[in-house]
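*Asks:* Next up is a structure, given as structure tokens.
Chains as they are written, first to last, in the numbering used here: chain A, 1207 to 1545; chain B, 16 to 630.
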């Protein structure tokens, strides 16, 4: 990516299209955060490509004054993979939702992650199908009552973080639409990371699944119900910063403890996002309220070579060693004879 | 048996090697073809193998064959019936004897005719010759297995390796029959088994043993003399349709000064194109073996968006899966070539057998009004030309192009006069440069109606495309009813205008005659051979063969008007005939259709044409 000297502002990333998400939709805030994050990356505006599938969130590229591609349902990971491999100089962002990425596009999603293609996948998780007007999604809670589950769903949801780590994901972060600053911070980190990044943003759908994340946005209690992880810092949370996470070694699981006489800060786990072993990351990603605080921040960020980088390196190497310099060489290679 | 050897001069001969799928018949056939090509024959080959890698040994289902047709005249098909069949086991004998000419020769590995082998092949008696009434052929029983063992007994090889080289004994025999030199094949051993002197020696020994056996046996088949063909001077090589397709794209990328990207998922019989392109990383090709067919095309669409010459390769079932994404390429007006190496359908159908039954799918198999250019190659070597053309049209007209080949021409091979790239035109990609004022993503050039291509990374041209209907200039989302109608018309007209750059339809034979034979794609060799033979016999018959399907050449009506009868011959139920009825009405289109997973035979075609001419 060309480093730019030009100083851009969030406004430079807004297109002339009228934004048509519902008033109060979490998508507005997420887009604001991305438009604030991009100038911090020092990448030229023409080197960004935003690629999406189908769904409310997938309208996103139209509102960005960058190169953009609104694809077909579920296939954004595949389109974005092609774009990135064709031109590794681009900063490629995939905007997707829980239906687009986890249901119809599940196969492409896991393989893009497994290959570690340098894409930034922003997963808007509102646990519902919005654009088709209110059917349950693969992340809807068990028993959720929706238009296609009037008696409650009978299927268990995917946890995006678990799926990402299961697909050998090297970067997973979580944020929430009402925390602009956290979103912005995480998007910057994702943008700087080399390899596939997945940022799950808990997003509110005001029309079909309002307040689905209410427990985590409640002003009074949100700090007791969530934890913001920072690499190298102890896992302490709570309004009064009086709670922390330790490893319950006997049961091989995390445990919430009160800081005080029995436990002090030095007993508390220190977050190491760069640990290759995904064990703790998986436990952190899977924490759910009320048993645990929900984890926000960059949960996992491990540097390994990327697919697109490897393709480029292999092509350059093999081409360099090749005896064929042009098509005529290839045409005349192998066994030929004169008539 | 017991015929005395004498030499027969022939213009052309068909040989078929047939055995178990593990017997190395494909290699044997290829080596024989190569030698025939080197000494100047024209030829055409076709491998015929089961879809199972190792079907149950010794059964009919596991029979693998390789047919080669060579001669001193122009050879366009692998031949209908064999002059010589080499049958390495009873199953091969049973499965293939019906493809031997009356009075032809069958060489049988006598050692394979044991009780177990005969039973596996479904013979009820211990005399397969009588049971299948094979005495009308010249049968040569040769103890191939035991003589191979005998030849290699002191070479220190294990019994399995020894038996594996029995195909070379058979090849040696056939070389003697056609008076072929052994040195090309011996050179092949030297190269192939470079660091295994034992294996080189064993193969050479067996090959020579087979040759000598044929020479010394009294009861040998007649030996043939087939002189070199009078073909265009030049440097030649053998090429199969799939390799030619892959190379056509590499050539197009070079002429367009674009990088080549192929997103694809392995599927028989198209996989070889992806394999070849993967190997051609040494030519800068990027390949992406995707997680499924849909990802294959979608990665290619993403690469096309990023400015690569993008192709995706598949066969019928894969084309079905790619349908929605082809529509996306239609809507976003990005260049893309989709190769469909057709096979027998529907569903999984006959994966290794050729058919032409995906024509309607290629033309119409998508939601909405979704026009694409459809082109069909018609011989193994011209896959190169049509792959090049498909890429050229895709890039210069900013449209998806479907290139149809089939399992027959994709796997078949023939000698090919190697072109030089200076014979091929440049491909001019309509890429917009930085600094262009007032650029609109969907503005079009007046002649082709193609939009321009703004590549991500170009400053100042940031824009959005996608699957929603587009405003006719800005390319932004538009739900305007009148705009939609306009865009539907524009997309159709853009594809239609490709007829301004494609060649006119030519006929082989008289421009006016009693019967016009019409075909398209991979049936060319058989149709051309049958028509030529009829013409030589003095019949009033011509051939019009199509490579450009959508749009059609502009002179179809003019051509058709000059014939009393038109018969459309296809390996499907009449899809092209129906298409002609729709696009070029006013003629009576007779049909000749065959859907057996097999190519036509020239004999059946001639019989049918004769009947039509008599009526």
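We put the beta carbon where it would ideally sit given N, CA and C, even for glycine.
#1: Considering Cα atoms alone, identify which of A/1329, A/1520 and A/1444 is closest to residue 1237 of chain A.
#2: Output the boundary residues of the beta strand (DSSP E) element that contains residue 124 of chain B.
#3: Taking residue 49 of chain B as the query, report the chain A residues whose CB atoms sit under 8 Å from its CB, ordered along the chain.
#4: By the 9 Å beta-carbon criterion, what residues does the stretch 1279-1305 of chain A contribute toward chain B?
#5: Does residue 27 of chain B have its Cβ less than 9 Å from a Cβ in chain A?
#6: Measure the Cβ-Cβ separation of residue 193 of chain B and residue 28 of chain B and say whether it is below 9 Å.
#7: Would you list, in chain order, the members of the stretch 304-329 of chain B that have their beta-carbon closer than 9 Å to a beta-carbon of chain A?
#8: Using the C-alpha atoms, what's the distance from residue 1308 of chain A back to residue 448 of chain B?
#9: Please tell me whether residue 190 of chain B has its Cβ less than 9 Å away from any Cβ of chain A.
#10: Report yes or no: is there a C-beta of chain B within less than 9 Å of the C-beta of residue 1414 of chain A?
#11: Return helix, strand or coil for residue 539 of chain B, following the three-state DSSP convention.
#12: In three-state terms, what does DSSP make of residue 268 of chain B?
#13: Can residue 1258 of chain A and residue 1301 of chain A be called in contact, C-beta distance under 9 Å?
#14: Could you name the residues of chain B that residue 1528 of chain A contacts, counting a contact when the two beta carbons are closer than 8 Å?
#15: Using the beta-carbon of each residue, which ones in chain B are nearer than 7 Å to residue 1271 of chain A?
#16: Could you tell me which of B/472, B/298, B/80 and B/259 sits nearest to residue 395 of chain B, measuring between CA atoms?
#17: Kindly list the residues whose CB is nearer than 6 Å to the CB of residue 1489 of chain A, restricted to its own chain and excluding five residues on each side of it in sequence; keep chain order.
#18: Does the beta-carbon of residue 461 of chain B have 16 or more other beta-carbons within 10 angstroms, so that it is buried, or is it exposed?
#19: Put residue 262 of chain B into one of helix, strand or coil per three-state DSSP.
#20: Taking C-beta pairs closer than 8 Å, name the residues in chain B that residue 1252 of chain A reaches, listed in chain order.
#21: Against residue 1220 of chain A, what residues of chain B qualify as contacts under a CB-to-CB distance less than 8 Å, listed in chain order?
#22: Look at the alpha carbon of residue 1413 of chain A and the alpha carbon of residue 1337 of chain A, and state the distance between them as a whole number of angstroms.
#23: Starting from residue 186 of chain B, follow the beta strand (DSSP E) in both directions and report where the run begins and ends.
#24: Against residue 53 of chain B, what residues of chain A qualify as contacts under a CB-to-CB distance less than 9 Å, listed in chain order?
#25: Going along the chain, which unbroken runs of the alpha helix (DSSP H) with 4 or more residues stay wholly within the stretch 18-66 of chain B?
#26: Between which two residues does the alpha helix (DSSP H) harbouring residue 443 of chain B extend?
#27: Does the stretch 158-172 of chain B come close enough to the stretch 217-230 of chain B to have 3 or more Cβ pairs within less than 8 Å?
#28: Output, in chain order, the set of chain A residues within a Cβ distance shorter than 8 Å of residue 394 of chain B.
#29: Mark residue 17 of chain B as exposed unless 16 or more other C-beta atoms lie within 10 angstroms of its C-beta, in which case mark it buried.
#30: Please state the DSSP three-state secondary structure of residue 415 of chain B.
#31: Taking the beta strand (DSSP E) that residue 248 of chain B belongs to, which residues open and close that run?
#32: Helix, strand or coil for residue 593 of chain B? Go by DSSP, reduced to three states.
#33: Are the C-beta atoms of residue 1495 of chain A and some chain B residue less than 9 Å apart?
#34: When the Cα atoms are used, what is the spatial distance from residue 1376 of chain A to residue 1318 of chain A?
#35: At 8 Å on the CB atoms, spell out the chain A contacts of residue 249 of chain B, in chain order.
#36: Distance check for residue 1282 of chain A and residue 4 of chain B, CA to CA, integer angstroms please.
*Replies:* On the basis of the coordinates in this document:
#1: Stepping through the first chain from its first residue, residue 1237 of chain A is reached at position 31. Answer by Cα proximity: A/1329.
#2: For this step, residue 124 of chain B is matched to residue 109 along the second chain. Element bounds for residue 124 of chain B: 115-124.
#3: Position 34 of the second chain, counting from 1, holds the residue named residue 49 of chain B. By Cβ distance, chain A contributes 1541.
#4: 1279, 1280, 1281, 1282, 1283, 1284, 1285, 1286, 1287, 1288, 1289, 1290, 1291, 1292, 1293, 1295, 1296 and 1298
#5: The sequence position of residue 27 of chain B within the second chain is 12, counting from 1. Not closer than 9 Å to any Cβ of chain A, the Cβ of residue 27 of chain B fails to qualify, so no.
#6: Taking the second chain and counting its residues from 1, one reaches residue 193 of chain B at position 178. Taking the second chain and counting its residues from 1, one reaches residue 28 of chain B at position 13. Contact flag set, yes.
#7: If you check each beta-carbon in the stretch 304-329 of chain B against every beta-carbon of chain A, the ones closer than 9 Å belong to 305, 306, 307, 309, 310, 311, 312, 313, 314, 315, 316, 317, 318, 319, 320, 321, 322, 323 and 325.
#8: Taking the first residue of the second chain as position 1, residue 448 of chain B is located at position 433. Taking the first residue of the first chain as position 1, residue 1308 of chain A is located at position 102. Looking at the two C-alpha atoms, the distance is approximately 39 Å.
#9: If you number the second chain from 1, residue 190 of chain B lands on position 175. Chain A, which has no Cβ nearer than 9 Å to the Cβ of residue 190 of chain B, makes this no.
#10: Residue mapping note: residue 1414 of chain A aligns to position 208 of the first chain, counting from 1. With 9 Å as the cut-off, residue 1414 of chain A does not count as an interface residue toward chain B.
#11: In the second chain, counting from the first residue as 1, residue 539 of chain B sits at position 524. Here residue 539 of chain B sits in helix by DSSP.
#12: The sequence position of residue 268 of chain B within the second chain is 253, counting from 1. Here residue 268 of chain B sits in helix by DSSP.
#13: Here residue 1258 of chain A is taken as the residue at index 52 of the first chain, counted from 1. Here residue 1301 of chain A is taken as the residue at index 95 of the first chain, counted from 1. Contact flag set, yes.
#14: Translated into positions along the first chain, residue 1528 of chain A becomes position 322. Result: 297 and 298.
#15: Counting from 1 along the first chain, the entry for residue 1271 of chain A is found at position 65. Within chain B, the residues near residue 1271 of chain A are 477.
#16: As a first step, residue 395 of chain B must be located in the second chain, where it is residue number 380. Minimum Cα distance to residue 395 of chain B is reached at B/259.
#17: By 1-based counting over the first chain, the position of residue 1489 of chain A is 283. Within the same chain, residue 1489 of chain A has close Cβ partners 1460.
#18: In the second chain, the residue the question calls residue 461 of chain B occupies position 446. So residue 461 of chain B ends up on the exposed side.
#19: Start at 1 with the first residue of the second chain, and residue 262 of chain B comes out as number 247. The answer is helix: DSSP assigns residue 262 of chain B an H, G or I state.
#20: On the first chain, residue 1252 of chain A is found 46 positions in, with the first residue counted as 1. What residue 1252 of chain A touches in chain B: 471, 472, 473, 474, 475, 476 and 477.
#21: Your numbering for residue 1220 of chain A matches position 14 in the first chain. Those within 8 Å of residue 1220 of chain A in chain B number zero; the least Cβ separation is about 12 Å.
#22: Position 207 of the first chain, counting from 1, holds the residue named residue 1413 of chain A. Position 131 of the first chain, counting from 1, holds the residue named residue 1337 of chain A. Going from the Cα of residue 1413 of chain A to the Cα of residue 1337 of chain A covers about 10 Å.
#23: Numbered from its first residue, the second chain carries residue 186 of chain B at position 171. No beta strand (DSSP E) contains residue 186 of chain B, which is instead part of the alpha helix (DSSP H) from 181-192.
#24: Counting from one through the second chain, the residue named residue 53 of chain B turns up at place 38. 1541 and 1543, listed in chain order.
#25: 40-53, all fully within the stretch 18-66 of chain B.
#26: On the second chain, residue 443 of chain B is found 428 positions in, with the first residue counted as 1. First-last for residue 443 of chain B: undefined, no H or E at that position.
#27: yes
#28: Walking along the second chain from the start, residue 394 of chain B turns up at place 379. Simply none; closest approach about 17 Å.
#29: If you number the second chain from 1, residue 17 of chain B lands on position 2. Interpretation of residue 17 of chain B is limited by its pLDDT of 35, a score under 50 that renders its predicted location unreliable; the figure taken from the coordinates is listed afterwards. Classification for residue 17 of chain B: exposed.
#30: Translated into positions along the second chain, residue 415 of chain B becomes position 400. Here residue 415 of chain B sits in strand by DSSP.
#31: In the second chain, the residue the question calls residue 248 of chain B occupies position 233. Here residue 248 of chain B belongs to no beta strand (DSSP E), and DSSP marks it neither H nor E.
#32: In the second chain, counting from the first residue as 1, residue 593 of chain B sits at position 578. Three-state DSSP puts residue 593 of chain B in a helix.
#33: In the first chain, residue 1495 of chain A corresponds to position 289, counting from 1. Taking Cβ atoms only, chain B never reaches closer than 9 Å to residue 1495 of chain A, which makes this a no.
#34: The residue you call residue 1376 of chain A lines up with position 170 of the first chain. The residue you call residue 1318 of chain A lines up with position 112 of the first chain. Cα to Cα, the separation comes out at about 11 Å.
#35: The sequence position of residue 249 of chain B within the second chain is 234, counting from 1. By Cβ distance, chain A contributes 1544 and 1545.
#36: Any answer about residue 4 of chain B is impossible in this case: the structure gives chain B only from 16 up to 630.
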